[in-house]
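Some notes on the structure that comes next.
Protein chains in written order, with my numbering: chain A, -6 to 420; chain B, 113 to 302.
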């Protein structure tokens, strides 16, 4: 029976919002040192923005805005940290912050004894996404923030909440009274458009160890209690989805940069000197972006290789084999990365050519400008000649000859003035 | 020449209204399209002005400019669009922005325009009310602009504008429920 009309409720959900953050072991150590993970503070400590203390000589300082209270739950200096996160000292509400060296970042909450509609769950996922900008990004290094700004194509990632892309996981024991699940396929037949309001388009599903797992484009839902190995598998799925999001963003940026390069290239022949100067500045920005994209790409390469190694040696892989195409997705990401490297190389070459074209065009304009300037100087000389001729008492005919000789030079000087205004005068 | 429609009730009233809005902002002959996010914003504005009483406040995560935002879309609206498209009265197009964003858009087909003329929709109370809400004081049709803070209906002639408040859901609000921390992987799992 198709019971699409029945409302689905997500009961006592555990919600995790994940994303890729450029990390690496050094940054991981830096965060753990900053948080003092090894000191096992009993009370949470407030952490502000890195670099917030601008003058270390001054005994008093003021944070630009409130930090977050973090209490380490477990850590390994260069590998990961799990910490409880609060935004106020006296609030009961805590989020679980997980960061690892491979760039897997997650914020997780557990809401007991409540049930939610799918729209409400979707809103909570969105709100946790926004919290990651407010709570997690400020404790990252400037370079990491800058790489994230590049990845999401924004000026300042700390104020660009809606630009970031995350992937969610919702774990629940039940989808509400009267909603039975025997297996995922049958459930999707009965409820074709219920789950996907949270997950977006469902691209894979399976029932494993009594847990019904739906993998969507934006989030996954697991109905049941996942075992340790299954949680490890879900963690790998979340990593791959986060990498998928990041690599799609990277490719979009590369595409957009390629488009900008083409537009500049098309505009060179008709452009004025000042426009060419603005192109030059744009090229410097593109160059900078390409350098950052290359760094991001490299960091993602390393992260994918490390996570793949971990997956290959995991108990989860032995138990679940190639479920949810995990092995294939690792291979896909590696291939995509190689492909991106080539495209980045090509854009780098195009950019070099573009810079040369812009400079050549600027040189040409400058040369023409100098030529015209010489003509103008010549005209000034001729005017002086007229003055001298007048002093010497030339007759009308002789003065007329001097004026006729001057006409081409006057035209040249008018062209010079016109070109000067076009090329050099700012509006 | 007008086409003959055997059944003038092939679309329900909501679908007729949507098609009419598309006919105002798009055209098959002129290759004009209305972005899906654009029609969502217009219909949300009209819903708030009692034009679509069957629609509710529901959410969709969808492209808004160059990012994904939480915005309004009633599930019946989505089904209505599918139905109009199935009837061949809307043509779907996918284009791509300079920022590599896929853009879904539609245009009112010639068949759609003929249908609206066949049912004299512009002369109905609903048609007049929609036009009244979408035209500014100078009687020009207002266009939809997707700005960072939300969509605006704006008159290109007199520059007057209406901000469509509430279309984008504000996620800065705190989570209302009590919650505890959750980690997928604990120390024993590492």
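Even for Gly, the Cβ is constructed at its ideal location relative to N, Cα and C.
None of these values were measured; they are calculated from a predicted model.
Sorting B/240, B/262, B/269, B/238 by C-alpha distance to the C-alpha of residue 252 of chain B places B/269 at the top.
Beta-bridge annotation (DSSP): residue 174 of chain B is paired with B/181. One Cα belongs to residue 247 of chain A, the other to residue -1 of chain A, and the distance between them is close to 45 Å.
Its Cα nearest to that of residue 270 of chain A, the residue A/359 stands out among A/359, A/88, A/9, A/164.
About 6 Å separates the beta carbons of residue 72 of chain A and residue 21 of chain A, which is inside the 8 Å limit, making them a contact pair. C-alpha of residue 336 of chain A to C-alpha of residue 320 of chain A: approximately 25 Å in a straight line.
By the Cβ criterion, the segment 243 to 262 of chain A is not in contact with the segment 195 to 205 of chain B, since fewer than three pairs of Cβ atoms, one from each stretch, lie closer than 8 Å.
For the C-beta of residue 287 of chain B, the chain A residues within less than 7 Å are, from N- to C-terminus, 117, 120. Residue burial annotation: residue 54 of chain A is exposed, with fewer than 16 other C-beta atoms found within 10 angstroms of its C-beta. Approximately 6 Å separates the beta-carbon atoms of residue 275 of chain B and residue 264 of chain B; this is inside 8 Å, confirming the contact. B/154 is the residue among B/297, B/217, B/154 whose C-alpha sits nearest the C-alpha of residue 254 of chain B.
Here residue 119 of chain B is exposed. Its C-beta has fewer than 16 other C-beta atoms within 10 Å.
Excluding its 5 nearest sequence neighbours in each direction, residue 344 of chain A has C-beta neighbours in its own chain below 8 Å: 254, 276, 279, 280, 283, listed in chain order. Annotation: residue 236 of chain B is outside any alpha helix (DSSP H) and is labelled neither H nor E by DSSP. When DSSP reads this structure, residue 101 of chain A sits in a beta bridge with A/9, A/89. The DSSP-derived three-state label of residue 203 of chain A is coil. Rounded to the nearest angstrom, the gap between the Cα atoms of residue 285 of chain B and residue 150 of chain A is 19 Å. Shown here for residue 166 of chain A: same chain residues with a beta carbon closer than 8 Å to its own, the five before and five after excluded, namely 4, 5, 216, 217, 218 in chain order. Residue 33 of chain A sits in coil when the DSSP states are folded into three classes, being neither helix nor strand. Minimum Cα-Cα distance from residue 290 of chain B among the listed residues A/251, A/58, A/108, A/402 corresponds to A/108. Interface annotation for the segment 3 to 18 of chain A against chain B: 7, 8, 9, criterion Cβ-Cβ distance under 8 Å. Across the segment 196 to 212 of chain B, CB contacts with chain A closer than 7 Å involve 210, 211, 212, in sequence order along the chain. Among the residues of chain A, those whose CB is under 7 Å from the CB of residue 180 of chain B are 158, following chain order. For residue 292 of chain B, the pairing in a beta bridge is given by DSSP as A/103. Listed in chain order, the alpha helix (DSSP H) elements of length 4 or more contained wholly in the segment 266 to 348 of chain A are 266 to 305, 308 to 313. The C-alpha of residue 133 of chain A is placed about 16 Å away from the C-alpha of residue 70 of chain A. Under the 8 Å criterion on CB atoms, residue 87 of chain A is classed as interfacial with respect to chain B. Secondary-structure assignment with DSSP links residue 190 of chain A through no beta bridge to anything. Inter-segment contact for the segment 6 to 14 of chain A and the segment 114 to 129 of chain A is present: three or more beta-carbon pairs are separated by less than 8 Å. At a cut-off of 8 Å between beta carbons, residue 124 of chain B makes no contact with chain A. Against residue 227 of chain A, the close residues of chain B are 296, in the order they occur along the chain (beta-carbon pairs closer than 7 Å).
Under the three-state reduction of DSSP, residue 65 of chain A is assigned to strand.
Your pair residue 285 of chain A and residue 143 of chain A checks out as a contact, with CB atoms roughly 4 Å apart and the cut at 8 Å. Residue 213 of chain A is bridged by DSSP to A/162, A/208.
Separation of the CB atoms of residue 330 of chain A and residue 293 of chain A is rounded to 6 Å, and the pair is thereby assigned contact status at 8 Å. Between residue 32 of chain A and residue 297 of chain B, the alpha-carbon positions lie close to 22 Å from each other.
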